[in-house]
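Residue numbers (UniProt numbering): 1 to 148. Heads up, the thing below is written out as structure tokens.
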């Protein structure tokens with residue numbers, strides 16, 4: 001299974017989602033490939049935001065070595081599922097889709113068309129975002145392992 005997590009800059013939400021999903025998959029001894037990317041190129045090569053690193057570390061997950069990268073059309077070839085954090089990122093990824101098969105790989109991480117809020121401008125959001133993403137990743141992992 002190959003999963004890509006996508007947000008805007010690839011320094012707050014998607015690296016958290018990558019780290020959480022990788023952690024959960026490893027706990028289940030699943031050999032999944034999990035990565036993250038941003039729809040924008042603002043932070044290519046940068047580590048995750050220090051606040052994301054901190055909240056992940058507080059929960060026993062190390063994301064400090066991750067580096068930002070931009071989403072590319074070729075990611076549709078490399079990943080089975082592409083989970084995006086909000087509607088804007090969904091639209092940005094769908095615009096790069098070449099066909100219906102590409103589009104079928106893309107969905108919001110949270111259920112019921114809910115968005116993961118961007119914590120960039122509000123330090124107090126990092127812990128709630130972590131919890132939201134953790135719950136969603138655990139549910140996605142259950143769905144994906146039950147549908148094999």
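Beta carbons are placed, not taken as given, at the ideal position from N, Cα and C, and that holds for glycine.
Where do the ends of the beta strand (DSSP E) carrying residue 77 lie? Where residue 77 is concerned, there is no enclosing beta strand (DSSP E), although the alpha helix (DSSP H) it sits in stretches over 75-78.
Considering only residues of the same chain and omitting the five flanking positions on each side of residue 28, which have a CB-CB separation below 8 Å? Closer than 8 Å at Cβ, skipping near neighbours: 141, 145.
Using the C-alpha atoms, what's the distance from residue 6 back to residue 75? Near 11 Å, if we compare the C-alpha coordinates of residue 6 and residue 75.
Mind pulling the alpha helix (DSSP H) runs of 4 or more residues that sit fully within the UniProt domain "Phosphotyrosine protein phosphatase I" (1-147)? Fully enclosed alpha helix (DSSP H) runs of no fewer than 4 residues occupy 13-27, 50-58, 75-78, 87-96, 100-104, 126-146 of the UniProt domain "Phosphotyrosine protein phosphatase I" (1-147), in order along the chain.
Are the stretch 95-103 and the stretch 120-133 touching by the rule of at least three beta carbon pairs closer than 8 Å? The stretch 95-103 vs the stretch 120-133: no contact.
Are there three or more Cβ pairs, one per stretch, closer than 8 Å when the stretch 68-84 is compared with the stretch 39-56? Contact between the stretch 68-84 and the stretch 39-56 is present, because at least three Cβ pairs lie under 8 Å.
Count Cβ pairs between the stretch 29-36 and the stretch 102-114 that sit closer than 8 Å; are there 3 or more? Using a C-beta cut-off of 8 Å, the stretch 29-36 makes no contact with the stretch 102-114, since fewer than three inter-stretch Cβ pairs fall below that distance.
Using the Cα positions of residue 14 and residue 125, report the straight-line distance between them to the nearest angstrom. One C-alpha to the other measures close to 15 Å.
Residue 81 burial status per 10 Å Cβ neighbour count (16 or more: buried): Counting of Cβ neighbours within 10 angstroms places residue 81 among the buried residues, the total reaching 16 or more.
Spatial neighbours of residue 12 in its chain, beta-carbon cut-off 6 Å, leaving aside the 5 residues before and after: In the same chain as residue 12, and ignoring 5 residues on each side of it, the C-beta atoms closer than 6 Å to its own belong to 49, 52, 119, 120, in chain order.
Alpha carbon of residue 129 to alpha carbon of residue 55, nearest angstrom: Between residue 129 and residue 55, the alpha-carbon positions lie close to 10 Å from each other.
Cutting at 7 Å between CB atoms, please list the residues of its own chain near residue 138, excluding the five before and the five after it. Taken in chain order, the residues that qualify are 24.
Check whether the Cβ atoms of residue 133 and residue 108 sit closer than 7 Å, and answer yes or no. Not a contact, by the Cβ cut-off of 7 Å.
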